[in-house]
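Residue numbers for the sequence shown, in the working numbering: 1 to 820. Yeah, the Cβ is synthetic: ideal placement off N, Cα and C, and Gly gets one too. Note that the structure is a prediction, hence the values are computed from the model and not measured.
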Amino acid sequence: MYQIPFEIPSYTYDVAMERLRSTKKFGIQPLLETVEEMLAELGNPDDHFESVQIAGTNGKTSTSRYTAAILMGEGKRTALYTSPELVCLTERMEVMGRPVSEKSFARGMTAAVTAGERVNARRSAAGERPYDVTEFDLLTVATTRPETMLGDTGIAVSPQDPDKQKLVGKTVMLPIVDREIPIFGDWHVDPKFGTGFVKVTPAHDPNDYAMGQAHGLPQINIFDETAHVVDGYGEFSGMDRDECREAVVKWFDEHGLLDHIEDLEHSVMHCYRCDTALEPWLSEQWFVAVDKLKERATEVVRDGEIKFHPERWTQTYLTWMDNLKDWCISRQLWWGHRIPVFYCEDCGWEDALMEDADVCPKCGGRHVHQDPDVLDTWFSSQLWTFATQGWPDRPEQMEGHHPTKVLVTARDIIALWVARMIMSSLYFTDEVPFHDVYIYATILAKDGSRMSKSKGNGVNPMDLMAKYGADAMRFNLLTLITNNQDVKFDANINKKTRELIDSPRTEQARSFVTKIWNASRFVQMNLAGYVPGAPKAETPEDAWMLSRLAKVVAESTRQLEDYEFGDYARNIQSFFWNEVCDWYIELCKGRLLDGTPEEKLQVQRNLVFVLDASMRLLHPVMPFVTESVWDKLPASGLDDHSVKFLMVAKWPEPDDFAKFVNDRAEHDFDLAKCVVSAVRSTRARYRLSPKAELDVAVRSSAEDAAVLEAQRGFICSVGRVDQLALGHEQQKPEGSVTVADGTLEIFVALGGLVDPAAEAKGLRKELEKAEKDLSSVSRTLSNEGFVAKAAPAVIEKKRAQQAELTTTIEQLKGQIADFE
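Right, dumping it as structure tokens:
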């Protein structure tokens, strides 16, 4: 057990660059050149190099204490110990340094299909006929790595293989090293693969290591750190692994124990950096015992002190914590925070120190060296929330800033980073590091696959911003978010050049930016004589608009606080485009042009108030256009507009807007909107002139009829209606079309404006085509072979087409009925 502090190694520029140059053999020459160019631009590199190491800290000593905190424990005595663990060496025998037993080891490795040979070798049974079944006097095992037979310490069989269960607990003799090893059952073994007997080398294979741990097998390291066989293995000692492989096969053949050799392809772990085959190698590693750390870290999530958004990721976190094993924190890399444990070669003293030691404090000897390993990157990263805010030297800096509010991160590192930050913060500060964890969506390619440079289906954000603008890109991404987490991005990519062609949804978002800009310009162009003042509802549309604004303020605030970013973006777009622009601004034009000075001033105040509040609501998702618009606005009823930037202006608080909520005004105005919308849609459907006045009859309840009657002037002027008939006994006039909307039946008379027979004929042709298309799509979806083989995206598209055609057919039938 040690309490370990940490000290950053003080590399000079020359030393660091020399170490970087040593990595040329790993094929990262472009990286080296880039770093050299960047450092050369700094002028005197050594003046800047030290500062880079301590950036984000309160100085070199404090950084050391932060990084060592969980080991040193500040007197709390966190358990730390060393234990054998597998790491990976590259083929050139440089230590890659990630424990292969960690679930995350695949980040540093790739599986490559490699052509090779499988050797089927025999092993003799221990003793003279120790079994009743004579066919097992010799057991045959298959391996693609015969050199590791020198380190075998067991034979595994499947618990599901009844024929071999009688051998469990027996032993066999490994003739090449004259070692007696046990036979045991383990779930790793596939009874249908190979001979059903699996050689187990705990020190040189991840699965074998796991079996060895489970069954208490000895771990024999047959290689040194350069992958040469260690002493004690006779003729094989000193051979590298390739030479040893051939020599072991030859030995089995010479002793009549080689069954046969066959060619096959199999997966071999490769380094993702240099693409060479990795060698699992047993070495001593540093571990942190996590039992005490994880208990409270689990409780704060179960009790809701820390919440995950979306909520389903809570179980991912809890499952990982429930199965958490001790954390291996040492890495065999040349760059990183070194383990500050020092050893004396003279007297055997070892301890963890805050400062470097050249002399042994016990015997005075000078043969002292530091542990060559470095700390896991995630070990340092876990301290982020408090190590950057003065802890432990100036804890007063943390007041009001810790715990933080929310951590926004990816689901991939819930275990690697989120859980470890929670454990370390609770242990050292006795506080949670944050109250909320927001797991953002993964942006997939158009076909639903992961974006990848190698596939050429990735989208460069810089290209999107160059084509559509930063606001449009940002807004589109937010509108994609749903509770389903992963979202598809609709960008079309040139398969040859891999350049962006277009993104229809981002283009739509750009249209929204344009809408915001144009709406604000209209308001600003009509502010002659404007004097700041409070908004006031003088017309039904004013009362409706202010009430809707108040509700949108409350909805947007709640959605942002609950991390419902997709709903927030879609909701605010619908409000501003469909209600502010399409209705309210349009309805205000009359008073702006023809109203009295008092009416004009009040509508100006209302417009500025609505536009000001809307820019504040939109700012988180569209920061640039809203900042520009708001900067040109005069003071509104919200405040005196004295702050310099919108980003620091006051957020519209729901309580301040609650006085504008008027459900009755919304209901009444929505009824009038329904009638006007029905008239407008009928004009568009039959391509009638916008100036043509139409007769309209509305069948509704007596109460709704009274509401519409009170807004007759508005409906007739805005909807260009000549005659408006209202009442619950209204009948469908001859030559009219019907539009149903909620509790209203709206009859729009077309009179001689259209030819009923010609319209009906054209609609029947459209109906015939739609029914034919629907029949074709339905046949495709009823084909079990198609559904079984087609990609999910294709099936989803067909189903959406089926639903759309069904709706179109119903609409066409209704339109035809209007002309019969």
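Coil, strand or helix - residue i by DSSP
{"i": "G814", "result": "helix"}
{"i": "E235", "result": "helix"}
{"i": "E653", "result": "coil"}
{"i": "V523", "result": "helix"}
{"i": "F342", "result": "strand"}
{"i": "S381", "result": "helix"}
{"i": "A441", "result": "coil"}
{"i": "F747", "result": "strand"}
{"i": "A142", "result": "strand"}
{"i": "S452", "result": "coil"}
{"i": "L726", "result": "strand"}
{"i": "I809", "result": "helix"}
{"i": "G212", "result": "helix"}
{"i": "V777", "result": "helix"}
{"i": "M173", "result": "strand"}
{"i": "F434", "result": "strand"}
{"i": "G713", "result": "helix"}
{"i": "P218", "result": "coil"}
{"i": "Q485", "result": "coil"}
{"i": "L277", "result": "Residue identity check: residue 277 is Ala in the sequence provided, not Leu. A277 falls in the strand class under three-state DSSP."}
{"i": "T738", "result": "strand"}
{"i": "I414", "result": "helix"}
{"i": "F576", "result": "helix"}
{"i": "T319", "result": "helix"}
{"i": "Q397", "result": "helix"}
{"i": "Q801", "result": "helix"}
{"i": "T404", "result": "strand"}
{"i": "R699", "result": "strand"}
{"i": "F197", "result": "coil"}
{"i": "K307", "result": "strand"}
{"i": "C581", "result": "helix"}
{"i": "D132", "result": "Residue placement at D132 cannot be trusted, given a pLDDT of 32 that sits under 50; what the coordinates show is reported in the next sentence. Three-state DSSP puts D132 in coil, outside helix and strand."}
{"i": "T61", "result": "Legend: pLDDT at T61 = 38, less than 50; position of this residue unreliable, value from coordinates given subsequently. Looking at T61 - three-state DSSP - the assignment turns out to be helix."}
Neighbourhood of residue i by C-beta, 8 Å cutoff - its chain only, sequence neighbours within 5 removed
{"i": "R799", "result": "L781"}
{"i": "V418", "result": "Y317, L407, T409, V437"}
{"i": "T806", "result": "L774"}
Strand pairing of residue i, partner residues [DSSP]
{"i": "W517", "result": "DSSP lists no partner for W517."}
{"i": "Q285", "result": "S83"}
{"i": "N492", "result": "D502"}
{"i": "S330", "result": "L375"}
{"i": "D240", "result": "H228"}
{"i": "D351", "result": "F342"}
{"i": "T409", "result": "I439"}
{"i": "L694", "result": "V721"}
{"i": "V368", "result": "C344"}
{"i": "C588", "result": "According to DSSP, C588 bridges with nothing at all."}
{"i": "F223", "result": "V229"}
Chain-order list of residues whose beta-carbon lies under 6 Å from that of residue i (same chain, five-residue window excluded)
{"i": "Y468", "result": "T506, R510"}
{"i": "S868", "result": "Because the chain spans 1 through 820 in this model, residue 868 falls outside it and cannot be assessed."}
{"i": "G533", "result": "R605"}
{"i": "D567", "result": "Q559"}
{"i": "V552", "result": "F575"}
{"i": "L217", "result": "T153, G154, P202"}
Cβ neighbours of residue i in the same chain (closer than 7 Å, five flanking residues each side left out)
{"i": "D152", "result": "L174, I181, K199, V200, T201"}
{"i": "A678", "result": "V739, D741, I746, V748"}
{"i": "W577", "result": "F512, K515"}
{"i": "F308", "result": "T314, Y317, V437, I439"}
{"i": "T557", "result": "P654"}
{"i": "G751", "result": "G735"}
{"i": "K405", "result": "F434, H435, D436"}
Residue i Cβ short of 7 Å to the ligand NAD heavy atom set
{"i": "D490", "result": "The ligand NAD is absent from the structure shown, which contains no ligand whatsoever."}
>> Whether or not the region 504–519 and the region 465–481 are in contact is what I'm after, with contact meaning three or more pairs of Cβ atoms, one per stretch, closer than 8 Å; do they touch?
In response: yes
> Counting Cβ pairs, one atom from each stretch, are 3 or more of them under 8 Å apart for the region 335–351 and the region 386–394?
Replying inline: no
> In the region 613–679, which residue ranges form an unbroken alpha helix (DSSP H) of at least 4 residues, counting only runs that do not cross its ends?
Replying inline: 623–632, 654–657
> Between the region 629–642 and the region 592–609, do three or more beta carbon pairs fall short of 8 Å?
Replying inline: yes
> Fully enclosed by the region 148–192, which beta strand (DSSP E) runs are 3 residues long or longer?
Replying inline: 154–157, 171–174, 179–185
> Given 8 Å as the limit, is there contact between the region 241–250 and the region 134–150, that is, 3 or more CB pairs closer than that?
Replying inline: yes
> Is there contact here, the region 487–498 with the region 452–466, by at least three beta-carbon pairs under 8 Å?
Replying inline: yes
> Quick check: the region 419–437 against the region 296–308, are there 3 or more CB pairs under 8 Å?
Replying inline: yes
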